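Below: the structure, in structure tokens.
Protein chains: 6
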Amino acid sequence: MAQRILVINPNSTAAVTQGIDAAMAPLRFADGPRIDCATLAEGPPGIQSQRDVDHVVPPLCRLIEREHNATDAFVVACFSDPGLHSARETTDRPVLGIMESGLTTALNLGSAIGIVAILPASVSRHMRFVRAMGLSQRVAGDRAVGLNVVELSDEGRTFERLVATGRALRDEDGADVVVLGCAGMARYRERMEDALGIPVVDPSQAAASMAIGAIRLGWRTGRRPSA
Amino acid sequence: MAQRILVINPNSTAAVTQGIDAAMAPLRFADGPRIDCATLAEGPPGIQSQRDVDHVVPPLCRLIEREHNATDAFVVACFSDPGLHSARETTDRPVLGIMESGLTTALNLGSAIGIVAILPASVSRHMRFVRAMGLSQRVAGDRAVGLNVVELSDEGRTFERLVATGRALRDEDGADVVVLGCAGMARYRERMEDALGIPVVDPSQAAASMAIGAIRLGWRTGRRPSA
Amino acid sequence: MAQRILVINPNSTAAVTQGIDAAMAPLRFADGPRIDCATLAEGPPGIQSQRDVDHVVPPLCRLIEREHNATDAFVVACFSDPGLHSARETTDRPVLGIMESGLTTALNLGSAIGIVAILPASVSRHMRFVRAMGLSQRVAGDRAVGLNVVELSDEGRTFERLVATGRALRDEDGADVVVLGCAGMARYRERMEDALGIPVVDPSQAAASMAIGAIRLGWRTGRRPSA
Amino acid sequence: MAQRILVINPNSTAAVTQGIDAAMAPLRFADGPRIDCATLAEGPPGIQSQRDVDHVVPPLCRLIEREHNATDAFVVACFSDPGLHSARETTDRPVLGIMESGLTTALNLGSAIGIVAILPASVSRHMRFVRAMGLSQRVAGDRAVGLNVVELSDEGRTFERLVATGRALRDEDGADVVVLGCAGMARYRERMEDALGIPVVDPSQAAASMAIGAIRLGWRTGRRPSA
Amino acid sequence: MAQRILVINPNSTAAVTQGIDAAMAPLRFADGPRIDCATLAEGPPGIQSQRDVDHVVPPLCRLIEREHNATDAFVVACFSDPGLHSARETTDRPVLGIMESGLTTALNLGSAIGIVAILPASVSRHMRFVRAMGLSQRVAGDRAVGLNVVELSDEGRTFERLVATGRALRDEDGADVVVLGCAGMARYRERMEDALGIPVVDPSQAAASMAIGAIRLGWRTGRRPSA
Amino acid sequence: MAQRILVINPNSTAAVTQGIDAAMAPLRFADGPRIDCATLAEGPPGIQSQRDVDHVVPPLCRLIEREHNATDAFVVACFSDPGLHSARETTDRPVLGIMESGLTTALNLGSAIGIVAILPASVSRHMRFVRAMGLSQRVAGDRAVGLNVVELSDEGRTFERLVATGRALRDEDGADVVVLGCAGMARYRERMEDALGIPVVDPSQAAASMAIGAIRLGWRTGRRPSA
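Protein chains in written order, with our numbering: chain A, 1 to 227; chain B, 228 to 454; chain C, 455 to 681; chain D, 682 to 908; chain E, 909 to 1135; chain F, 1136 to 1362.
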């Protein structure tokens, strides 16, 4: 039976999951791992605060337990990497977080990383995680597009704000690579890269790509506490 | 009505709460804040893994919401500071975490901090949090006493291991101040300090002391997300 | 006999000492340590340079020696923490410095600290001390209000400049907590916090609060060199 | 025509190239990029010094120029990442270095990285590169197996030394993930992981896996200087 | 016979070598080391990219080998320190790089270093080297004058841009000492210092001064790999 | 009239001053700056504590003021750099500190610095200064020889302990360059280097060498506060 990667969108908005799913297409090989995307039904419509981050962990771990036998690697597809280390204690399958994979991939593509956040309130949370990863020296800035949910549904306006935020990261903070600080926005990646002239990373793609490596090359991210 | 600090033990072991409560005595002033200690009934008997840390956050936040009106400052009394940032989004009362308060207090007492963990598996979790706080340059080592729950009930043996671990931190890692990496062990603090000859900090005491300052001096740790 | 904290203003300006003394009121408990404030007669009218910092150390240590028997904890109340480590070799009573206590307290209240200095020339001195404390990752900026002594006596103008400087720290440097980089300005703290919407710490209050903890909980900061 | 990854062994020892080539098997998908491995004829038999590192750059860049039109992504397969940044100025195809990819992948698999070097003289060179990547906080140690070329041909002895070195990294330095600091040793990876009980990364595999992501997802590492 | 320092300009532009040579005058003592300056004939007219940096290493090492017997210390006079560590493996004479010596000298002259680059493309290369040296905490900014070769031949315009760039480093980045990020511009140093009011370091002079120390005091920078 | 460097030994032990003076011989050029060494009569016999460090600042500044007109550069020759920043506010002549110059020179000679302290109590003071300089990433260890004054007068025993301490720094901490953490021990430098096989720096020599550069090349370290 084919190997399988399960990409979990920990918010309950199916449109986000569909955006992630579409972004997986280039990573689906005929004889490679199947890549499935799931929505965490118990999650909030969007993950906006640390409370949201923390509160999805229990249902996320239950989902991982349910899917454990049918899955070879998991991706947690929310840029705050909710429950990443809990998940790694829950299953001995590799678990990748899109913030961790997105930023560590970007380390290969530039010297100074810029993060495009959606909400201003996410910035200090992101910076806490950047420090926890020990990557402060490589992150040049984290700026929010500052659009609300309704505004984000306007693709033209969203693209315009993404590019403006990327330009501020590039020109004011000195970033030479940008990471999208959100799942489900891969459809803007290529156009944004063209507009900015520096690499732009969609973190869900980066994590799924690393999950393929993990499955094929035997990388483990954790062990059950009882092990 | 008197001001009130609520110290929450997020594990369900009442004996730990009692140990914390006894350690609060020196901070109870006639006209100072009342200091109450509560056990989180929904918590596990002990918090040993990141899963444990993450899973107590929802009930912890519910407890904080229930106690919000009757409380002026909260202390989360587990050395992994579970839900600290969620709690700060849950209430506009100051919330102190014992790891954060314990380490930042220790910065005033020495140059190189040693952390005495209970379990070996906690060390890499602690180091992730130390990096998140940006304090790596000041933490010289984190070593586990390596006793299980049954062994911890033997006070003589526990004290012996605490001192041996503190000595390794002092002599091999160069620590000149030690922080107990666990709630409810304040009864060993003074004797341990005498044995080691360097300051030893009980983190629950450090956090409660900072909570008094917060109440009396108007320090805020957060705001509701809606604010 | 009651325990006693001695807060030493190492400059010779009694008005500054009075400002500090007034700020201690919320920390005076009926059965808590007495908090006395003293002016270092031999100090300069204001501590503005590293020379000023270094030259107050000998008389400061003599004052500490004279007061040693009558004192349970000392606070050195100048934001450059003059003689802090000398003082800790002079007495085995705990000695807190207001820069060290102010910044380490602020680590509990936000992610990125902004320091409001009085004089532009203080900034590089502050940054040297911030590096010595290993806290560079957490200090977002240090900006001077840039008022001279005469101008500082105009409370309205001073408050206006404090708020403008705090806004620059918040909006340009990303600070989410501010520390007043000077003793004796606690009277502006609350209004400044209201104007900025982020926590503002008076460092003398932070140090005195930590001194109460030190006295009650047995924290030591040093030992005589002969020990 | 199929996409193609060219993995360049910059030393002239064909046996090393063959070891790398064998390690690529799990990454070869029916409809994925072809992965070819090439030996740099002008390289030295082994890259042991900074001089060796620097001297392969001109022929390496010439090889990349020759292969540019026929190649979609390059991997430089020597753990000192010779010419990595020059190569990125030579071609607008993505170029991955195995040290950079190996370490950044390991950041996803553990908290503290241990590097297994071959020669003691490589350690300070590695540490200079680790600092250049800004990853010092995450690298716990770098230790050499200390075998010469003849001894390395003895597989039993080499495996024994690899495991002993990994154990020292794990037990004395606190590493919880190990990166092989050399190309062409993937055949030891799995057995070493079994012996150590923590993840072991072969850096050539990590880089090739990232090269697949780069090709499929449009990540660029650089631009021609004239661009 | 007198001791001799050889300062190597690794680009092939004799005018740059002459500028360096003129800058050595204050370091030539009657009974001190002779200071000779040489042009690397095989170098490019200017070193602008990492490719340029890497490609001069082989001829640079050959020049050092040829001059080894007649030389007591070498200076590599290009601000990207091309081949510095290779050169140290090539000769057991001390080898100083002007970036390394310029920055480490500047650490004695101020708290926050500003680097004046010539080309915008050099900035990320410089920052990689600054990280490799572990000096990120002390470098406040790196800004390019942004003049091309023709424009650099206009001394008035060049001086104006140097001062404007220095002012931005001082006023926007907080630098209190500036290092010229290029060889052969010492003739602007003093006037620039007068215009800025903070120390300005010519890195070739800093390296030659350190080379005198190395010769007279026995400092070694390396050893042959065979040693 | 010849230029003049004044090297000030801030302790009152003339034998130390004589040791420093002898170490200056290689830096005295026929037409170079005169190098005089002075003993601070008001200093203690040895500088052992932070109190000693701080208490020599006032007489040190007075000495600098007296010698200002007759001096072109000052060196403060005690490894704790007492009063370095005060001295820089006292005179507009360059002032070098031997710890700062010794460590920054060593950055040119190796990757990982080991410091040989005399007293165990100096280590945490040194580490505070290393942090203040932002050099923690480059200092591998600081170990004390642990000899008292009487024992230090036994040259054979002292040399033996210096070498043993240097070996521990090299073999256990990974240092590849050693700095003597004390003034007046230059006579051991060369023999120690031969015994260890890695560079050994006498910090007074390093500072005097940098003072020559400062005088000849116009480097300034500070300005009067009134400027």
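The beta-carbon is built from N, C-alpha and C at its ideal position, and this holds for glycine as well. For clarity, every value in this text was computed on a predicted model and none was experimentally measured.
Less than 7 Å between the beta carbons of residue i and residue j, yes or no?
i	j	result
VAL599/C	VAL593/C	no
ALA208/A	VAL75/A	yes
LEU1231/F	ALA1157/F	no
LEU40/A	PRO59/A	yes
GLU770/D	ARG959/E	yes
VAL654/C	ARG643/C	yes
PRO94/A	THR221/A	yes
VAL1192/F	SER1221/F	yes
LEU1287/F	TRP1127/E	no
Of all the options the options, which has the alpha carbon lying nearest to the alpha carbon of residue i?
i	options	result
LEU992/E	ILE799/D, VAL734/D, ALA704/D	VAL734/D
GLY329/B	ASP308/B, SER276/B, PRO347/B, THR317/B	ASP308/B
ALA876/D	CYS742/D, GLY894/D, ARG851/D, SER885/D	ARG851/D
GLU42/A	ARG167/A, ARG62/A, GLN50/A	ARG62/A
LEU1282/F	PHE1214/F, SER1221/F, GLN1183/F	GLN1183/F
ASP596/C	GLU626/C, SER540/C, ALA541/C, ALA640/C	GLU626/C
ALA175/A	GLY181/A, CYS182/A, ARG167/A	ARG167/A
ALA1318/F	ALA1137/F, THR1226/F, MET1159/F	MET1159/F
Would you list the one or two residues that DSSP bridges to residue i?
i	result
ARG1051/E	VAL1024/E
VAL1312/F	ILE1248/F
Which class does residue i belong to by DSSP, given the choice of helix, strand or coil?
i	result
CYS264/B	strand
LEU444/B	helix
THR74/A	First, the amino acid is wrong: residue 74/A is Phe here, not Thr. Of the three classes helix, strand and coil, the one that applies to PHE74/A here is strand, per DSSP.
ILE5/A	strand
ASN919/E	coil
VAL201/A	strand
VAL549/C	strand
LEU1219/F	helix
GLN591/C	helix
GLU417/B	helix
GLY865/D	coil
PHE386/B	helix
PRO271/B	coil
ARG1266/F	helix
SER607/C	coil
ASP939/E	coil
ASN335/B	coil
Could you tell me whether the Cβ of residue i comes closer than 7 Å to any Cβ of chain F?
i	result
SER338/B	yes
HIS580/C	no
At least one CB of chain A closer than 7 Å to the CB of residue i: is that the case?
i	result
SER890/D	yes
ARG397/B	no
GLY310/B	yes
So that I know if they touch, is there some Cβ in chain C lying closer than 7 Å to that of residue i?
i	result
GLU316/B	no
Measure from the C-beta of residue i to each C-beta in chain D and report whether the shortest distance is under 7 Å.
i	result
GLY1000/E	Note that residue 1000/E is Asp in the sequence shown, not Gly. Not one chain D Cβ lies under 7 Å of ASP1000/E.
ARG1128/E	no
Could one say the Cβ of residue i lies closer than 7 Å to chain B's Cβ atoms, at least one of them?
i	result
ASP662/D	Residue 662/D is absent from the model: chain D starts at 682 and stops at 908.
GLY134/A	yes
If we cut at 7 Å on Cβ distances, does residue i have a partner in chain E?
i	result
GLN818/D	no
Note down, in chain order, all residues in the segment 503 to 528 of chain C with a beta-carbon under 7 Å from any beta-carbon belonging to chain I. Absence of chain I from the displayed structure is noted, the protein chains being A, B, C, D, E and F.
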